[in-house]
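Enquirer: First residue of the sequence shown: 0, per numbering that gives the first Met the number 0; consecutive thereafter. Cβ coordinates follow ideal geometry from the N, Cα and C atoms, glycine included.
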Amino acid sequence: MKQSLLAIFVCLVGSLIGCAKPEEKKPVDTSEKPSGPKQTIGVSLLTLDNPFFKVIGDNITAEGAKRGYDTIVVSGDKDVAKQSNQIKDFIVKKVSAIVLSPCDSKSIIPVIQEANEAGIPVFTVDIPCNEPGVKIATQIATDNYGGGKEAGQAMIEALGEAGGKVAVLHFKQAESCLLRVKGFTEVIEAHNSASTAKIEIVTELESGGAKDMGYKAAEDSLQAHPDLRGIFAINDPAALGARAALEKANKTQQVQIIGFDGQPEGKQAIKDGKIYADPIQFPDKMGVQIVDAIIRHSKGEELPAQMLIPTSLYRKADAEADPELK
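1) Do you know offhand how far Y313's Cα is from Q255's?
2) On a CA-only basis, which of C102, N115, I108 is nearest S95? Give me that one, please.
3) Determine the closest residue to K298 out of A136, D235, F52, with distance taken between C-alpha atoms.
4) Is Q252 buried or exposed, if buried means 16 or more other CB atoms sit within 10 Å of its CB?
5) Quick one: is P282 buried, meaning 16 or more other Cβ sit within 10 Å of its Cβ, or exposed?
6) Counting only the same chain and skipping the five closest in sequence on each side, list residues whose C-beta sits under 7 Å from that of G75.
7) Got a sec: does the ligand NAP put a non-hydrogen atom nearer than 7 Å to the Cβ of I86?
8) Which runs of the beta strand (DSSP E) at least 3 residues long sit entirely within the region 179-221? Give them in chain order.
9) Between E130 and I108, is the Cβ-Cβ spacing less than 8 Å?
10) Report the CB separation of N143 from L178 in whole angstroms; it is logged as a contact under 8 Å.
11) If you draw a straight line from the alpha carbon of R228 to that of E319, how long is it in whole angstroms?
12) Assuming contact is defined by CB atoms lying nearer than 8 Å, are A166 and T202 in contact in what I supplied?
13) Suppose you measure from the CA of V287 to the CA of D219; what does that come to, to the nearest Å?
14) Judging by CA-CA distance, which residue of K247, G258, A196 is the nearest neighbour of V183?
15) Using only CA atoms, which one of T60, E62, I126 lies nearest to S175?
16) Is A244 helix, strand or coil when you go by DSSP?
17) Mind checking N249: buried by the 16 CB within 10 Å criterion, or exposed?
18) Tell me which residue opens and which closes the beta strand (DSSP E) that V98 is part of.
19) Between which two residues does the alpha helix (DSSP H) harbouring A157 extend?
20) Are the CB atoms of I59 and I71 within a distance shorter than 8 Å?
21) Between L168 and I119, is the Cβ-Cβ spacing less than 8 Å?
22) Among K325, L307, I294, which has the Cα closest to the Cα of A64?
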């Protein structure tokens, strides 16, 4: 009897154990987060007044947070002395990586060298620093030279068989803008060698990459060349300033504007017929790719000297099909 009761007890215990729920396994976190204390990325951008750079900064911050980094984003305000002090501050803070779009690629050399000596990797975004004597982990940017060539093709298309005089609204302290104008000029020169519809670049004026200076540069161009037929502005703010100058001079039908960037305001102006076309950039991709490059570098991977993101020419038909526009 005792033996049968013991057998029943053993069976009951066995059944209870068999019915017990197996311990739930927590999902494995496969994200590539840095080990040890939380690390910081220091970011100094040309200016945060331009929405383009704000998108870059916001995407570095968001992607960095996903992958375990804190981010400090500051505006150089196109002032190389201010930007130099910002980078010195990053060095004192011992950030894990420095990202910058140089306010001046030559003048920023000494402070990049300080970061190099401190063993902090430096990455450039949008505006390169290709100067000798500095070590840049990688440069992530728009293919500005290719975009400039697209802008040249757009100008040829906009002016048609009549051709005519063109002004360039520049920002010479940014190497990215030098590349844009180089690509633009080469396409116009090639066109002129093979066509009777000549396009003459009659002036290059400083626009500061800003609306107010773009307005003044376009106004000066119109006064010097009343028969002007085209304006190539190196970014959307300068292009929008130029458009305001054309409206004041009642020359919106005479002069076609080619911009560069593809900011929401610029795209809307293309839809509204105020700008003919833009080679558009993808600042969101730049921000994400910079964080990815920082992580790859931290693992000892050798990065290419530069990673270029192609532009895409955006015309009125594209704007009319764009669901993000009014």
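Expert: In short:
1) 15 Å
2) N115
3) A136
4) exposed
5) buried
6) S43, L44, L45, T46, K81, Q82, Q85, C102
7) In the structure on display, the ligand NAP does not appear, and there are no ligands present to speak of.
8) 198-205
9) yes
10) 4 Å
11) 25 Å
12) yes
13) 40 Å
14) Here residue 183 turns out to be Phe, not Val, going by the sequence shown. Cα-wise, what sits closest to F183 is G258.
15) I126
16) helix
17) exposed
18) 96-99
19) 143-158
20) no
21) no
22) I294
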